[in-house]
Amino acid sequence: MPFEDVMPGGGKRHSGAMAELTEQLPGVIFQLQRAPDGSMHFPYLAGSGTRLTGIDRRLLAEDARPALARLDDADYPRLMAAIERSARWMTPITTKFRLRLMGGRHSWIAVRAQPRRVDDGVLWHGMMLDISEQVAEEARLRRLSDTDDLTGLANRRKLIDRLDEEISLSNRHATPLSLMMLDLDHFKSINDTWGHLQGDQVLRDLAGLCRRSLREEDLVARLGGEEFALLLPLTPIGPCQTLARRLCERIAAHDFGPGPGRVTVSIGLAEHRIGEARDTLIARADQGLYAAKHGGRNRVMTSD
């Protein structure tokens, strides 16, 4: 599309100014055309974002594949499916994808394009914007909403969300699921004797011990104070008991540094029962924790 074609009234005297303007836009204005045989090319590209890939626009005017090859492997099929749906139903493309840049970096790109049938296929008019900063900020806020500030573990909100997901899977497929409730023994005396800063360090060290003891698919969360929860998908109560006892021993043997030195924990366990509500599972694990506390601490107890 020549620049004068998009000028009000088709005037050509401002085409140079329009070209300069479009080249300074913080993104890309484009036309993408797909032929009946599925081949695609960009008849028109403008904007500062065209410099992101380092691909000559003249090449893309002939063949879109060099640009499409820069798509992240996980995003490529999703974008191709969006293009196919848009071409079939004449609906706009509205999506985002990751684009590999020079130097091994990635950028998140948002695209919106409107299709139109033409004699030799489908032609989209659209815009692309680099939204990497927005995506990074959204991820940061998401981490803040799901993460305990002190330990970096998941917080109660994240635990409940994940627990609901795992219970749903357990109910649907009859897969095992176990929950540990863990509480530091005599933590108040640590704070009272050595101060809250030392108490906070104990909690951070304990979080690290728990995290290193679990598999990648498990979740450890801080519920508040000195209480933690450990969620173990696809784990029946037997292996959960083994892991809990090993964790209990590992914590008791750990040197938490000057001051507290050695600390211990009490752990309560429960395995999910098919059809059981989330709060019931938590209450049963809490009953096990209560029994461990009243049974002398530094031990693991399983609820009935």
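Using the working numbering, the first residue of the sequence shown is number 9, and each one after it goes up by one.
Glycine is no exception: its CB is placed at the ideal position from the N, C-alpha and C atoms.
Beta-ladder partner(s) of residue i, from DSSP
i	result
Gln-122	His-133
Glu-235	Asp-191 and Gly-232
Ser-5	In this structure the chain extends from 9 to 312, so residue 5 is not present and cannot be described.
His-49	Gln-41
Leu-227	Leu-239
Thr-102	Arg-120
Val-273	Leu-192
Distance between beta carbons of residue j and residue i, contact taken as under 8 Å
i	j	result
Thr-103	Val-126	In fact, because the Cβ distance is near 22 Å, the residues do not count as touching under 8 Å.
Arg-230	Ser-274	No, Arg-230 and Ser-274 are not in contact; Cβ-Cβ is about 16 Å, not under 8 Å.
Buried or exposed (CB count within 10 angstroms, at least 16 for buried), residue i
i	result
Ala-278	buried
Thr-159	buried
Met-88	exposed
Asp-128	exposed
Pro-268	buried
Met-136	buried
Ala-293	buried
Gly-296	buried
Thr-58	buried
Met-309	buried
Thr-243	buried
Lys-20	Below a pLDDT of 50, predicted positions are generally treated as unreliable, and Lys-20, at 48, falls in that range; no measurement from the model is reported.
His-194	exposed
Met-189	buried
Selected residue, minimal CA-CA separation from residue i, among the options
i	options	result
Leu-131	Ala-121, Ala-182, His-114 and Arg-113	Ala-121
Arg-281	Glu-146, Ser-311, Ala-252 and Leu-192	Ser-311
Ser-357	Val-228, Arg-286 and Lys-196	Only positions 9 to 312 of the chain appear in this structure, which leaves residue 357 out of reach.
Trp-97	Ile-117, Pro-123, Leu-217 and Ala-237	Pro-123
Arg-254	Leu-40, Leu-217 and Leu-187	Leu-217
Arg-86	Gln-249, Phe-105 and Ala-147	Phe-105
Leu-40	Ile-91, Asp-64, Leu-79 and Ala-182	Ile-91
Alpha helix (DSSP H) runs wholly inside the region 145-215, at least 4 long, in chain order: Within the region 145-215, the complete alpha helix (DSSP H) segments of 4 residues or longer fall at 164-181 and 195-202, listed in chain order.
Can you list, in chain order, the stretches of the beta strand (DSSP E) that have 3 or more residues and sit fully within the region 275-303? If one requires a minimum length of 3 residues, no beta strand (DSSP E) run lies completely within the region 275-303.
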